[in-house]
Structures are given as C-alpha cells and as structure tokens.
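Data first, discussion second: the structure below is written as structure tokens.
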Amino acid sequence: MAQTVFSGRYTADPGRESVTVFLIGMRANRWWKAGTVAKVAAAMPRMLQHLAGNPSSGMLGYEQWFGRTTMLLSYWESPDHLRKFAADRESPHLEPWRRFMKETAGSGDVGVWHETYQVPAAGIEAIYNGMPLFGLAKATAHIPVGAGTNTARQRMGRSAAQSAAPAAAPSSRARQS
C-alpha cells in the first residue's frame with residue numbers, strides 16, 4: 001500500500017491541553033512456544049478494530065511494530081478513556097487479559113508490558129520531514145512548520161490555545177485504520 005510522503009517539514013498539533021501516550025507490547029521469550037506467542041498476539045487486532053470503530057473510546061490513533069518484542073504506540077484523549085476501555089466488560093480487552101493472567105502469566109513464555117504517559121501540550125515537540133502521516137500528527141493534526149513552529153524550542157513551548165491559533169490550518173485529522 002503506497003503512502004503519500006509529504007516533502008518539507010511538518011509538525012503535530014494535538015489541539016488539546018494534553019495527550020495520553022500508551023505504549024504496550026509483548027516479548028516472545030521462548031520462540032519454540034510459537035502457539036502461545038500467537039495466542040497472546042491474536043488478541044490485539046480485535047481490540048484495535050473495536051477502538052477504530054468506536055471513536056468515543058478516546059483512542060486518537062496508533063502505530064505498531066512487529067518482532068521478538070512487538071510494540072504498539074497509541075494516543076488517547078485521556079487516561080480515563082484508556083482505563084474505561086481496559087475495564088469495560090463489553091470491550092475485547094478484559095477477557096483476553098484474564099485468560100493471559102490465568103494461562104500464560106508467570107510461565108516465562110511471553111512477557112507483556114505497558115507504560116502510560118500524560119503529556120501536556122506545552123511539553124510536546126514533534127517534527128516530520130519527508131514522512132507519510134505518522135505518529136501524533138497522524139492521530140491528531142499534521143500541519144506545515146511555519147511561523148512560531150520553526151524550532152524545537154518553539155514547538156515544545158506551545159500550549160493548546162496557541163496550537164489552535166489560525167497560523168496554519170490542519171491538513172488532516174486522521175485515525176489509523
């Protein structure tokens with residue numbers, strides 16, 4: 001699938017006071033337990049489909065990488081949205097998590113991890129040069145670098161109110177499908 005590469009410099013405009021960054025992954029500790037690894041990995045696509053189909057879930061977008069350690073980087077409206085999804089009996093998270101804890105946790109076959117960060121808009125600096133839509137810019141707004149966003153210092157110090165200023169109109173607000 002070809003992706004449009006944007007020449008020039010772009011930044012992200014989260015358009016909000018803060019962004020919740022959630023990193024989650026798994027590590028195949030024992031490759032010869034491929035069935036167990038696959039069973040754990042198989043839960044994530046269903047969760048992502050559910051979240052993509054439910055914008056009110058609060059997930060703004062995500063990127064993922066595969067390997068011995070598989071990782072998903074996701075952006076959320078708030079920690080509350082993330083916690084609500086994780087605890088919701090109707091979402092496709094709770095049952096696979098309970099199954100993992102019962103059947104796999106502690107075996108050493110597969111490791112799982114996650115980290116959550118609440119990042120104020122004024123603490124965000126992003127730059128994309130010669131890239132397709134990616135990361136935070138893909139999850140929120142992808143805007144050309146211009147007056148007030150030329151340097152890392154300027155981008156880092158911007159508040160949500162400054163980001164909303166009409167300096168540059170967002171070229172996209174996209175969720176990953």
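Residue numbers (our numbering): 1 to 177.
Where is the CB? At the ideal position from N, CA and C, for every residue including glycine.
- Membership of THR116 in the beta strand (DSSP E) is indicated by the continuous run 110-120.
- With contacts defined by Cβ atoms closer than 8 Å, GLY25 and THR69 form a contacting pair.
- DSSP, reduced to helix, strand and coil, places PRO92 outside both helices and strands of the structure shown, so it counts as coil.
- Going by C-alpha positions, ASN150 is about 16 Å away from GLY130.
- Pairing ARG30 with MET44, the inter-Cα distance amounts to about 20 Å.
- In the DSSP secondary-structure assignment, ARG9 is bridged to ASN129.
- Between the alpha carbons of ALA41 and ALA147 lies a distance of about 44 Å.
- Note on GLY67: under 16 other CB atoms within 10 angstroms of its CB, so exposed under the neighbour-count rule.
- Assigned with DSSP and collapsed to three states, SER78 falls in coil, not helix or strand.
- Taking the Cα positions, ALA121 is about 19 Å away from GLU115.
- Taken atom to atom, the span from the alpha-carbon of THR20 to that of LYS33 is near 34 Å.
- Assignment of PHE66 by DSSP, reduced to helix, strand and coil, places it in the coil class.
- For ALA139, the uninterrupted alpha helix (DSSP H) segment begins and ends at 135-139.
- CA-to-CA, the gap between TYR10 and GLU103 works out to about 45 Å.
- Counting C-beta atoms within 10 angstroms of its own C-beta, VAL5 has fewer than 16 neighbours from the protein chains shown and is therefore classed as exposed.
- Between the alpha carbons of ALA105 and THR36 lies a distance of about 11 Å.
- Per the C-alpha coordinates, the member of ARG158, PHE100, MET59, LEU94 positioned closest to PRO79 is MET59.
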